[in-house]
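In the working numbering, the protein residues as written are 469 to 925.
Let me begin by presenting the structure, written as structure tokens, before commenting on it.
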């Protein structure tokens, strides 16, 4: 009896232990299922559908969506649109009241078709590559090696601005201005304003004040590399000044960019080239003054000397220059313009005009002869250039026709009434048969005038 009771007790203990183990396993399974249910709810979409451990579907959580007009057509939609328009007008008036008039504006259909105003550089081939010329109210950078024609190109741009009655300022940071050569180029030095500051901070502050004056059309800084900060002037020779000029240029351009645009003043920076150390693959050339000028510039011109021009006595008389538009925000970039710079009178405008007139089919070339409206005007490029130099009337008429074609191309091929009147005036200049061909003929965009593609540059 005692043995049987012990067996029964052991059986009860065993059953209790087994039940307790099963109970623990059941509780663990329920915990795992609840955890998996919560994970399933998190994974499948917080804010979409939530599932409880009993697999019951809860209500959908709606996310806040955009404002919508509640009308379904007809007068309700019109009322909703009028309400939104009234709210927009109220916001714009509040912004103008708080920050000043003109901070926000609606451009409209006329502004969508408007073009950025430009002025010519004085070089027809470069104007063709730029899409009309240098944009007004923008920052322009001209960089290249030494003796490549950077200052000469800037002087021609100043001369073109002065010819139209504008005011020009030259910041001569290099202290190398030549008034005699500038007069030969065409600059009116009596009306030219020259700034020769000692430190870079002074020069850039003067540039900013001129730009905000609403009285200056173009400012040329020659050059960025010659802008010396005060800390470098007052410090000892050889003391390291890491990134000082770059920080100064970045701070100045942040202010100058907006002021030049508001006052419609073009700022041209001439820059020099440096070599990066330790570059094996790629181009080691880099411009001085940091990277800020690259970003703030609307147009960047890379000017290089291509070859030396010689006369019949084998003496150097000039250089042939190639300019590549490496950046252009107002026209297609990567165009190339080639022109000649003569040592005695600057850029050869007659030669550049002849090249552009040939590309635009204003002047026709058959063999070595150049003809104007069927009449031969010269054999060979040099003789034709000399003919244009001696006959100012023909040169002016061709220049007006080329300008007309360039403006039509920039405007999409639609001539204005003023352009038609100018064409009629040009046709009346030559009644003896030496007229200019009509502007109505179209043409493809001019590619590389040097006969090379942009990729081979």
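Glycine is no exception: its CB is placed at the ideal position from the N, C-alpha and C atoms.
Would you mind stating whether residue 691 and residue 660 have Cβ atoms separated by less than 7 Å?
no
Who are the near neighbours of residue 500 in its chain, counting only those whose CB is closer than 6 Å to its CB and skipping five residues on each side?
Unreliable placement is indicated for residue 500, whose pLDDT of 49 sits below 50; no coordinate value is reported for it.
What first and last residue would you give for the beta strand (DSSP E) that runs through residue 808?
804-810
Rounding to the nearest angstrom, what Cα-Cα distance links residue 877 and residue 647 in this structure?
37 Å
Nearest to residue 835 (by Cα), restricted to the options 758, 746, 573, 846:
846
Touch test, the segment 782-802 against the segment 822-830, Cβ-Cβ under 8 Å, three pairs minimum:
no
Tell me whether the beta-carbon of residue 607 lies closer than 7 Å to the beta-carbon of residue 765.
yes
When you compare each of 871, 585, 681, 561 to residue 574 by their alpha carbons, which one comes out closest?
Among 871, 585, 681, 561, the Cα nearest to that of residue 574 is on 561.
Which parts of the segment 572-651 are runs of the beta strand (DSSP E), unbroken and 3 residues or longer, counting only runs that do not cross its ends?
607-611, 636-640
Can at least three beta-carbon pairs, one atom from the segment 586-599 and one from the segment 806-823, be found at a separation below 8 Å?
yes
With DSSP as the reference, please indicate the residues paired to residue 838 in a beta bridge.
833, 846
My assumption, with CB atoms under 8 Å, is that residue 601 sits in contact with residue 587. Please give the rounded CB distance.
5 Å
Integer Cβ distance of residue 655 from residue 623, believed to fall under 8 Å:
Indeed they touch by this definition, with Cβ atoms about 5 Å apart.
Verify whether the separation of the beta carbon atoms of residue 734 and residue 604 is less than 7 Å.
yes
In this structure, does DSSP put residue 785 in helix, strand or coil?
strand
By Cβ distance, which residues of its chain are closer than 6 Å to residue 767, with the 5 residues on each side in sequence left out?
Cβ within range, chain order: 608, 796.
Which residues in the same chain as residue 679 place their Cβ atom closer than 8 Å to its Cβ, once the five residues preceding and following it in sequence are excluded?
687, 724, 727, 728, 731, 733, 735
Just to confirm before moving on: does the CB-CB distance between residue 639 and residue 671 stay below 7 Å?
yes
For residue 743, which beta-bridge partners are listed by DSSP?
In DSSP, residue 743 forms a bridge with 753.
For residue 941 and residue 677, what's the separation of their Cα atoms in angstroms?
With the chain covering only 469 through 925, there is no way to say anything about residue 941.
Within 10 Å of its beta-carbon, does residue 816 have 16 or more other beta-carbons around it, so buried, or fewer, so exposed?
buried
Expressed to the nearest angstrom, what Euclidean distance is found between the alpha-carbon atoms of residue 759 and residue 662?
27 Å
In the DSSP output, which residue or residues are listed as bridge partners for residue 773?
789
Counterpart residues of residue 852 in DSSP-defined beta bridges
Beta-bridge pairing links residue 852 to no other residue.
Please name the residue, chosen from 689, 685, 716, that lies closest to residue 700 on a Cα-to-Cα basis.
Out of 689, 685, 716, 716 has the C-alpha closest to the C-alpha of residue 700.
Classify residue 852: buried if its beta carbon has 16 or more other beta carbons within 10 angstroms, exposed otherwise.
buried
Bridge partners - residue 778, DSSP secondary structure assignment:
784.
Residue 813 - DSSP class collapsed to helix/strand/coil
The three-state reading of DSSP puts residue 813 in coil, since its state is none of H, G, I, E or B.
Per the DSSP calculation, residue 688 is bridged to which residue(s)?
638, 736
Please classify residue 814: is it buried, with 16 or more other beta-carbons within 10 angstroms of its beta-carbon, or exposed?
buried
Can you find the residues in the same chain that come closer than 6 Å, C-beta to C-beta, to residue 786, ignoring five residues on each side of it along the sequence?
777, 808, 809, 810, 811
In three-state DSSP terms, what is residue 796?
strand
Please report the straight-line C-alpha distance between residue 800 and residue 794, rounded to a whole angstrom.
Distance between the alpha carbons of residue 800 and residue 794: 10 Å.
Proximal residues to residue 696 (C-beta, below 6 Å), its chain only, five neighbours per side dropped
668
Own chain, CB closer than 8 Å to residue 755, minus 5 neighbours either side, in chain order
609, 611, 692, 739, 740, 741, 742, 761, 762
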